[in-house]
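S.K.:
Here it is, written out as structure tokens:
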């Protein structure tokens, strides 16, 4: 095992956006069925357009975040400890601008 904390901190890491794309075969809602993958792509596009994707902000698809809804997918932003549900692709620009500022100008401001 190797600690990589210093590497991440030295790279000026600001946040990790987790987007649920979980597939579940049951009667309950799952993010894969409510545009989870499209939300994930919208997050990547917003960050790329501001030139912070995979530099200051990391993005990952994740399994269930426990905020299941038939209205949209779940998103968590860490280390800010922000949790969202019912997110659809059209919500992504407003959500990320609220978190990171227009043009991603508030990446180091955890609000």
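Numbering (the numbering used here), first residue to last: 182 to 292.
Glycine included, each C-beta is placed from N, C-alpha and C at the ideal position.
Thinking C-alpha only, which one of 273, 252, 182, 248 is nearest residue 228?
M.R.: 273
S.K.: Any idea if residue 255 is buried or exposed, counting beta-carbon neighbours within 10 angstroms, 16 or more meaning buried?
M.R.: buried
S.K.: What is the DSSP secondary structure of residue 234, reduced to helix, strand or coil?
M.R.: strand
S.K.: Might you give, ordered along the chain, the residues of its own chain that have their beta carbon closer than 6 angstroms to the beta carbon of residue 223, omitting 5 neighbours on each side?
M.R.: 270, 273
S.K.: Please classify residue 265 as buried or exposed, where buried requires at least 16 other C-beta atoms within 10 Å of its C-beta.
M.R.: buried
S.K.: For residue 277, which three-state DSSP category applies?
M.R.: helix
S.K.: Which residue marks the beginning of the alpha helix (DSSP H) containing residue 191, and which one marks its end?
M.R.: Taken as a continuous stretch (DSSP letters only), the alpha helix (DSSP H) holding residue 191 covers 186 to 191.
S.K.: On a CA-only basis, which of 206, 252, 189 is nearest residue 239? Give me that one, please.
M.R.: 189
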